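Written out below as structure tokens is the structure these notes cover.
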Amino acid sequence: MSMFQATFDEAIWHIVMSIPRGQVMSYGEVAKAAGYPRHARMVSKAMSRSEQPLPWHRVVKANRHLAFPENSSLYNTQKQRLLEEGAAFLNGKVITDHVEEDLDALIWGPES
DNA sequence: CCCTTGACTATCT
DNA sequence: GAGATAGCCAAGG
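Letter by letter, the first sequence follows residues -2 to 109 in our numbering.
Rendered as structure tokens:
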């Protein structure tokens, strides 16, 4: 195992474990918070290398869609776990309990 | 080395 | 907003 993976993985795992139940972070946010900006594509690798179970289902794409193909086994598992944690889905986008500015933002998202 | 592959992202059309 | 495009970067062949 490369030196990079050893240190990178630890940093990523630490951030992922810190994501509160029912909330999500994007791959890019996790990478950046771990101290490795521009390493979004490496986050999934680090998570799958963990021997211990991680709340990987709380990591989603920057646009709040799940990273897996819709209806794939992993997509369904992730969606179900997020639903169990109180998150909701609207048009493929995950909506969390995180306090939003207003009702519009909560329902439709900050953008749009 | 060069090329391809991703559980990615930002920025155009 | 859906595609296309271009960056991104470690790994593996």
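All C-beta atoms, glycine included, are put in the ideal place defined by N, C-alpha and C. Computed from a prediction, not measured in an experiment: that's the story for all the values here.
Buried versus exposed, by CB contacts within 10 Å (16 or more), residue i
{"i": "PHE5", "result": "buried"}
{"i": "HIS11", "result": "exposed"}
{"i": "LEU80", "result": "exposed"}
{"i": "SER109", "result": "The pLDDT assigned to SER109 is 46, lower than 50, so where the model puts this residue is not dependable; a value taken from the coordinates is nonetheless given after this. SER109 comes out exposed."}
Cα-Cα separation, residue i to residue j
{"i": "ARG78", "j": "ARG61", "result": "15 Å"}
{"i": "VAL91", "j": "ALA30", "result": "21 Å"}
{"i": "SER47", "j": "PRO66", "result": "23 Å"}
{"i": "SER70", "j": "SER(-1)", "result": "30 Å"}
{"i": "SER15", "j": "GLY25", "result": "15 Å"}
{"i": "ALA64", "j": "SER45", "result": "14 Å"}
{"i": "GLU7", "j": "LYS58", "result": "21 Å"}
{"i": "PRO34", "j": "ALA28", "result": "6 Å"}
{"i": "GLY19", "j": "LEU51", "result": "14 Å"}
{"i": "ALA37", "j": "ALA3", "result": "17 Å"}
Which of helix, strand or coil DSSP assigns to residue i
{"i": "ILE16", "result": "coil"}
{"i": "VAL21", "result": "coil"}
{"i": "ALA30", "result": "helix"}
{"i": "SER109", "result": "Per-residue confidence for SER109 stands at a pLDDT of 46, beneath the threshold of 50, marking its modelled position as unreliable; the derived number appears in the next sentence. Looking at SER109 - three-state DSSP - the assignment turns out to be coil, as it is neither helix nor strand."}
Residue i versus the options, residue with shortest Cα-Cα distance
{"i": "PRO17", "options": "ARG35, GLN2, GLY83, LEU87", "result": "GLY83"}
{"i": "HIS54", "options": "ASN88, ALA3, MET22, ILE9", "result": "MET22"}
Runs of alpha helix (DSSP H) wholly within the region 49 to 83 (minimum 4 residues, chain order) = 70 to 81
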